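Protein chains: 2
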Amino acid sequence: MTAFVGVGDMVEWISRRGAETIMTEMADTIEADFRRWESFDKSERVANHTPFGVIELMPISDPDVYAFKYVNGHPFNPGRGYQTVTAFGVLADVHNGYPVFLAEMTMLTALRTAATSAMVARRLARPDSSTMAMIGAGSQAEFQALAFRGVLGVSRLRIYDVDPAASAKFVRNLAPRGFDITVCASASEAAAGADIVTTCTADKAVAQVLTDADVAPGMHINTIGGDCPGKTELDPRILDRGPVFVEYTPQTRVEGEIQNVAADFPVTEFWQVLNGMAAGRTSPEQVTIFDSVGFAIEDFSALRHLRADLVGTGLDTEIDLVAAPEDPKDLFGFATSPVPVA
Amino acid sequence: MTAFVGVGDMVEWISRRGAETIMTEMADTIEADFRRWESFDKSERVANHTPFGVIELMPISDPDVYAFKYVNGHPFNPGRGYQTVTAFGVLADVHNGYPVFLAEMTMLTALRTAATSAMVARRLARPDSSTMAMIGAGSQAEFQALAFRGVLGVSRLRIYDVDPAASAKFVRNLAPRGFDITVCASASEAAAGADIVTTCTADKAVAQVLTDADVAPGMHINTIGGDCPGKTELDPRILDRGPVFVEYTPQTRVEGEIQNVAADFPVTEFWQVLNGMAAGRTSPEQVTIFDSVGFAIEDFSALRHLRADLVGTGLDTEIDLVAAPEDPKDLFGFATSPVPVA
């Protein structure tokens, strides 16, 4: 049998443990996996692009565990009552190839994306950072805010969204949780005085939600929404303001902010910073940029974190996804057995 | 909610409809999809190779439907009580990217592989074919035999397997179903006098389970087990005996029998034969070779065939794989709602 964590189970898990606590702990799991970067069999994700959006598969494995995520990105979905992104994922045993764990990942992806942002900012943002600007207040926004508070202690937020209803939703969800939130009339106003700027917009366009003039010395820029060919968020001049850090270079060249600059634009893979093989921030005045697109290791980490955290909770159920004939060569006898398998 | 067809449901479906009937009908569904080959967004499968075996993802889409299959191949599994191949697959709506149908595919892959072989042989084997040799009597063997009888009327079988227990299992499963089966002492003996030769072995090696001398004029060769880099079944000289037909050339160059010959070895994609764009068999004396590796369209066809056939049967259940917040931008509110979603 394969363990299954459905939507209801996931909501219950988040409710019991708390999103902020989950992400604070998950940041450590993701960091531990980034540190052993070289033990993973990595590849770029496989994307099927359509006029409506994209559907992607993101596989990855270490010597013991295989994981993949199914994820779509459909920017026009919210206008039709659907979410932009939905996802689910699987863990499998490398030794026999059997899938052992299947989980909804729409919520888990939101958690791991924010946990990754905070895990990176913990090394790259100035240690005295206390204020974050957030450009975009959609599905991912609250998760980012909670992860940054849990991991870095940032609790002053300056937000901007083109859709006032999205900002109102953000305030409604987070004001009761002790954040000091200022809703701003523009991205520039939000960025003014911030130590960290998170851009997290969904529009599939070569956008400039943050301009070069908005960027002040010492800022850490956490750019989340540029994650697809033709979908970016930053004025490209910002990339010249300071070192650019990425997850997996071959994928970011195609999907990240750096798709708008030269193919040999210098970047640093963040796992090298964690392992002391490359420099992170080198001065308080430096601008640092995390060009995040989302990488399969983060899903691997999130799934294994979830699986370990659920042990003993009874939250997962079982589904009969894998046929298990007594004689493994007699699949036909199994498939045509007179009594259906339980 | 996402429809789910588990192992028990699949066994019940096969039991109700009959494997031979299912594959005979499924061959037409696969043929219909091969005929509209050019309407699919195709890519090679993504494989994670490990010392134990391989885990692959096979995505494909047409303008309305996306499908992918997860499948492993672990040749040493049967010796440890596991199956060589397990699989599951998903259909999704292209317009919003939501997964709508999840099914076990260990059995469904066995059905679609044999249905594809028979669908191809219907065009390439001599119309008067009555005897099939089968080299390899493992998990796939009975499915091949039933599909060839259902689609081509072939009911005389000459089988050989290195493992006598596998041959005994094959006879036990199929003799009661009206086949005339001769168990042979070697592959050469099995091939002697056969109109069609199906090679279906699991060893991950550059093997020669069929030699050039075993091949007689007029034969159709259906080679199934050469489907991975370093995993082939035929004496390469056989490929010079007659035209070689493939599913999707870029994938077969890497995984099929033709990996053992020149990179520009001429092949014909079978969909072109169906559409009258390329010749199939041109004389009764000709040897024809189907270098099958298994392609994503076959899984797409099998899943949509299954889904359509299950309508009204009540065999599928539902799982809550996709979070559906009332406000699609308020994933956080949904994820932290006090009452778990049903």
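Sequence lines, in order, name chains A and B.
Be aware that the first sequence starts at 2, since it is given in our numbering, and climbs by one per residue.
Be aware that the second sequence starts at 2, since it is given in our numbering, and climbs by one per residue.
Here a beta-carbon is modelled for each residue, glycine too, at the ideal position from N, C-alpha and C.
Nothing here was measured: the structure is a model prediction, and the numbers come from that model.
As assigned by DSSP and simplified to three states, the class of residue i
i	result
residue 45 of chain B	coil
residue 225 of chain A	coil
residue 333 of chain B	helix
residue 4 of chain A	strand
residue 151 of chain A	helix
residue 291 of chain B	strand
residue 209 of chain B	strand
residue 80 of chain B	helix
residue 279 of chain B	coil
residue 97 of chain B	coil
residue 69 of chain B	strand
residue 343 of chain A	Note that residue 343 of chain A has pLDDT 45, beneath the 50 cutoff, so the model's placement of it is unreliable and the number below is only indicative. DSSP places residue 343 of chain A in coil when its eight states are reduced to three.
residue 118 of chain B	helix
residue 177 of chain A	helix
residue 218 of chain A	coil
residue 200 of chain B	strand
residue 165 of chain B	helix
residue 314 of chain A	coil
residue 256 of chain B	helix
residue 62 of chain A	strand
Neighbour list for residue i in chain B, Cβ cutoff strictly below 8 Å
i	result
residue 245 of chain A	What residue 245 of chain A touches in chain B: nothing, since even the nearest Cβ is about 27 Å away.
residue 58 of chain A	47, 58, 60 and 69
residue 140 of chain A	329, 330, 331, 332 and 333
residue 276 of chain A	The premise fails here: residue 276 of chain A is roughly 23 Å from chain B at the closest Cβ pair, so nothing lies under 8 Å.
Rounded straight-line distance, which links the Cα of residue j to that of residue i
i	j	result
residue 323 of chain A	residue 16 of chain A	31 Å
residue 180 of chain A	residue 81 of chain B	55 Å
residue 39 of chain B	residue 63 of chain B	9 Å
residue 276 of chain B	residue 229 of chain B	28 Å
residue 148 of chain B	residue 265 of chain B	32 Å
residue 175 of chain B	residue 260 of chain A	58 Å
residue 257 of chain A	residue 237 of chain A	11 Å
residue 342 of chain B	residue 55 of chain B	Reliability fails at residue 342 of chain B, whose pLDDT of 47 lies under 50, so the model's placement of it is uncertain and no value is given.
residue 163 of chain A	residue 274 of chain A	35 Å
residue 109 of chain B	residue 11 of chain B	8 Å
residue 107 of chain B	residue 145 of chain B	15 Å
residue 167 of chain B	residue 203 of chain B	12 Å
residue 102 of chain B	residue 136 of chain B	35 Å
residue 65 of chain B	residue 94 of chain B	6 Å
residue 37 of chain B	residue 309 of chain B	19 Å
residue 305 of chain B	residue 41 of chain B	14 Å
residue 302 of chain A	residue 332 of chain B	21 Å
residue 21 of chain A	residue 13 of chain A	14 Å
residue 328 of chain B	residue 105 of chain B	32 Å
residue 254 of chain B	residue 215 of chain B	24 Å
residue 51 of chain A	residue 97 of chain B	10 Å
residue 173 of chain B	residue 334 of chain A	9 Å
residue 79 of chain A	residue 224 of chain A	21 Å
Under 8 Å from the C-beta of residue i: neighbouring residues of chain A
i	result
residue 170 of chain B	328, 330, 331 and 334
residue 105 of chain B	321, 322, 323 and 324
residue 295 of chain B	Neighbours of residue 295 of chain B on chain A: none; closest Cβ ~15 Å, over 8 Å.
residue 78 of chain B	97, 98 and 329
residue 5 of chain B	320
Amino acids of chain A, ordered along the chain, whose beta-carbon sits closer than 7 Å to that of residue i
i	result
residue 40 of chain B	Per Cβ cutoff of 7 Å: no residues; residue 40 of chain B is ~12 Å from chain A at best.
residue 15 of chain B	336 and 337
Proximal chain B residues relative to residue i, where beta-carbon distance stays under 7 Å
i	result
residue 143 of chain A	333
residue 302 of chain A	By Cβ distance, chain B contributes nothing, its closest Cβ being about 17 Å from residue 302 of chain A, past 7 Å.
residue 100 of chain A	71 and 89
residue 208 of chain A	Those within 7 Å of residue 208 of chain A in chain B number zero; the least Cβ separation is about 18 Å.
residue 54 of chain A	98
Sheet register partners of residue i (DSSP bridge)
i	result
residue 50 of chain B	B:55
residue 105 of chain B	B:89
residue 159 of chain A	A:134 and A:183
residue 247 of chain B	B:270
residue 144 of chain A	Per DSSP, none; premise fails for residue 144 of chain A.
residue 235 of chain B	B:211
residue 194 of chain B	Paired residues: none, contrary to the question.
residue 74 of chain B	B:55
Test: residue i CB closer than 8 Å to a CB of chain D
i	result
residue 23 of chain B	Given the protein chain composition of this structure (A and B), no chain D is represented.
Amino acids of chain A, ordered along the chain, whose beta-carbon sits closer than 9 Å to that of residue i
i	result
residue 120 of chain B	Near residue 120 of chain B there are no residues of chain A at all, since even the closest Cβ is about 19 Å away, more than 9 Å.
Is it a yes or a no for the segment 66-75 of chain A touching the segment 324-332 of chain B, going by three-plus beta-carbon pairs under 8 Å? no
Check whether the segment 151-159 of chain B touches the segment 241-250 of chain B, counting contact only when three or more Cβ pairs, one atom from each stretch, lie closer than 8 Å. no
Counting pairs of Cβ atoms below 8 Å between the segment 112-129 of chain A and the segment 188-199 of chain A, do you hit three or more? The segment 112-129 of chain A, when compared against the segment 188-199 of chain A, does touch it at the 8 Å Cβ threshold.
At least three beta-carbon pairs within less than 8 Å, the segment 277-289 of chain B to the segment 219-234 of chain B: yes
For the pair the segment 23-36 of chain B and the segment 46-53 of chain B, tell me if three or more CB-CB distances fall below 8 Å. no
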